[in-house]
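A short write-up of the structure that comes next.
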Amino acid sequence: MLTSKEWRQLSAEQLETIEGFQQSYPVKVGGLAKAFGLRVLLKPLPAKISGEIRPSTESEAGFDIGVNRFEKNTRQRFTIAHEIGHFLLHSHLIGGGITDTVLYRSRLSNRMEAEANRMAADILMPAKLIRKISSDLKIPLTEEFVDEFAEALQVSVQAMKIRLGV
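Be aware that the sequence shown starts at 2, since it is given in the working numbering, and climbs by one per residue.
If you want it as structure tokens, here you go:
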């Protein structure tokens, strides 16, 4: 459960902001977006679209995150974190906007989508919070307890399995 290499691309201020939201679980990802000056909007997006980040004159950072209102809460949380990842890592490439499909594919390269996915996982499931949950709930970091970790962090079981490497 190492932190991804993408963290090295962030400024000290950005890291401090993220870490401030990782003191308790689940990570308040909407609050984190707001702390970066992003506005999060639940929208009726097409079925195969999970989210988007678009230029906006109404948010402090100049971008809005749109999230498909019809998807599960765990999916919406990951989408917000994924779009925050695009903002932090690829803001110079957003241009007129980035729309991500349910497989987190967009006009950006597969490498950039993978970077945003790793950043989202690091934001929502930091190693220190996983260890804290293990301690608080008195459960080991094993596949047997993936559901408990996923529920505590409000992420999907699949995302939690990937994060734990099980």
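Glycine included, each C-beta is placed from N, C-alpha and C at the ideal position.
Problem set entry | Residues bridged to P56 [DSSP beta-bridge criterion] | F64
Exercise. What do you get for D65, buried or exposed, if any count of 16 or more other CB atoms within 10 angstroms of its CB means buried?
Worked result: buried
Exercise. Is L94 buried or exposed, if buried means 16 or more other CB atoms sit within 10 Å of its CB?
Worked result: exposed
Problem set entry | Limits of the unbroken alpha helix (DSSP H) element including K35 | Boundaries of the alpha helix (DSSP H) around K35: 30 to 36.
For this session: Go through its chain and collect everything with a Cβ distance to S60's Cβ below 7 Å, but skip five positions before and after it.
Result: G38, L39, R40
For this session: Let me know the secondary structure DSSP gives I140 once reduced to three states.
Result: coil
Exercise. To which residues of the same chain is Q155 closer than 7 Å at the C-beta, ignoring the five residues directly before and after it?
Worked result: Excluding sequence positions up to five before and after Q155, its CB lies within less than 7 Å of the CB of P27, N74, T75, R78, all in the same chain and listed in chain order.
For this session: Below 8 Å on the Cβ atoms is my guess for I54 versus E84; work out the distance and round it to an integer in Å.
Result: 4 Å
For this session: Would you kindly work out how many angstroms separate the C-alpha atoms of L42 and T80, rounded to a whole number?
Result: C-alpha of L42 to C-alpha of T80: approximately 12 Å in a straight line.
Problem set entry | Proximal residues to A122 (C-beta, below 6 Å), its chain only, five neighbours per side dropped | R164
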